[in-house]
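Under mature numbering (1 follows the signal peptide of the UniProt record, and there is no 0), read the sequence shown as residues -22 to -1, 1 to 178, first letter to last.
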Amino acid sequence: MTTRLACLLVCCMGTVAAPAQAWQITGLSAVEPVAAERVTPAVANGVLRIDVAPEQTITVAPWPAYLPQRFGPQSVMATRQPHPAGPIDRISLRRGADQPAWLEIGAGAQPSAAVVGPWRLQRSLRGWSVAHGKQRIVLSPSAPASVRVGQARWCVYLLDDAVPRPQPGLAQEQEARAAWAAVRLDAPQKRCFVPPAAPR
């Protein structure tokens, strides 16, 4: 009985302590970038799926409910850049090959990575921000940054933030990495959608 009770306690503790699902992009290759026309992404069960070829599907998960959930036909461009600390991924969606991008997604991004237009990621002791020249706007999971690129306004969301933990005896990149998404506002929209506050 004592052994069985101990096993139950260990299982329960493991369940409570389990970390949240890591934000990631799958289905990309560092060998060949993706370029696909007239594909229709779909969101189901918190996962964004983009079937770019009969045997190639890009997934982005977890996909937050405050980001776009419905898509028409899209032109998709995606790249994966290998890096010792993990791949650096980027996905760009357009509503047509001759249209400007309206949704940009990045994962594994480092400080100084380009986001949209001249805006780049920066990281300090206070956390992540997007910067252009002397302008700097703080990013947080609960507060998107609204930035202007030409006549367009974009909402930039911080989706994940990680710093690799040092492991004794292993050479490892320790630079912070971020996952982010940027959504270009349509003409009628004036404000970024704010994610719901996390439960306390």
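All C-beta atoms in this analysis are idealised placements derived from N, C-alpha and C, irrespective of residue type, glycine included.
Roughly how many whole angstroms lie between the Cα atoms of residue i and residue j?
{"i": "M137", "j": "P119", "result": "One point to set straight first is that residue 137 is Leu, not Met, in the sequence displayed. Distance between the alpha carbons of L137 and P119 is about 6 Å."}
{"i": "W41", "j": "P96", "result": "26 Å"}
{"i": "P122", "j": "E10", "result": "32 Å"}
{"i": "R169", "j": "D29", "result": "31 Å"}
{"i": "S124", "j": "V141", "result": "25 Å"}
{"i": "L163", "j": "L103", "result": "30 Å"}
{"i": "A154", "j": "W106", "result": "10 Å"}
{"i": "L117", "j": "V108", "result": "7 Å"}
{"i": "A92", "j": "Q129", "result": "19 Å"}
{"i": "D76", "j": "R126", "result": "21 Å"}
{"i": "P174", "j": "N23", "result": "18 Å"}
{"i": "V12", "j": "R98", "result": "23 Å"}
{"i": "Q167", "j": "A31", "result": "33 Å"}
{"i": "Q2", "j": "A43", "result": "16 Å"}
{"i": "W158", "j": "R72", "result": "17 Å"}
{"i": "I115", "j": "P78", "result": "24 Å"}
{"i": "R101", "j": "D139", "result": "10 Å"}
Tell me residue i's beta-bridge partners as DSSP assigns them.
{"i": "Y135", "result": "A159"}
{"i": "V116", "result": "S107"}
{"i": "E82", "result": "S70, A160"}
{"i": "L121", "result": "First, the amino acid is wrong: residue 121 is Ala here, not Leu. According to DSSP, which records beta bridges pairwise, A121 is partnered with S118."}
{"i": "A140", "result": "R155"}
Just to confirm before moving on: does the CB-CB distance between residue i and residue j stay below 9 Å?
{"i": "L45", "j": "V161", "result": "yes"}
{"i": "P62", "j": "A8", "result": "no"}
{"i": "V17", "j": "R48", "result": "no"}
{"i": "A156", "j": "Q88", "result": "yes"}
{"i": "G74", "j": "T35", "result": "no"}
{"i": "W132", "j": "V94", "result": "yes"}
Using 10 angstroms around the beta-carbon of residue i, count the other beta-carbons present and answer buried if the total reaches 16, otherwise exposed.
{"i": "E33", "result": "exposed"}
{"i": "Q52", "result": "buried"}
{"i": "V38", "result": "buried"}
{"i": "V134", "result": "buried"}
{"i": "I19", "result": "The sequence as given places Pro at residue 19; Ile does not occur at that position. The residue in question, P19, is buried, as its Cβ has 16 or more Cβ neighbours within 10 Å."}
{"i": "E82", "result": "buried"}
{"i": "G84", "result": "buried"}
{"i": "G111", "result": "exposed"}
{"i": "A(-1)", "result": "exposed"}
{"i": "L(-18)", "result": "Only weak support exists for where L(-18) lies, its pLDDT of 43 falling under 50; the value from the coordinates is given anyway. By the neighbour-count rule (16 or more Cβ atoms within 10 Å), L(-18) is not buried but exposed."}
{"i": "G86", "result": "buried"}
### Query
Is there contact between the segment 50 to 57 and the segment 67 to 76, where contact requires at least three CB pairs shorter than 8 Å?
yes
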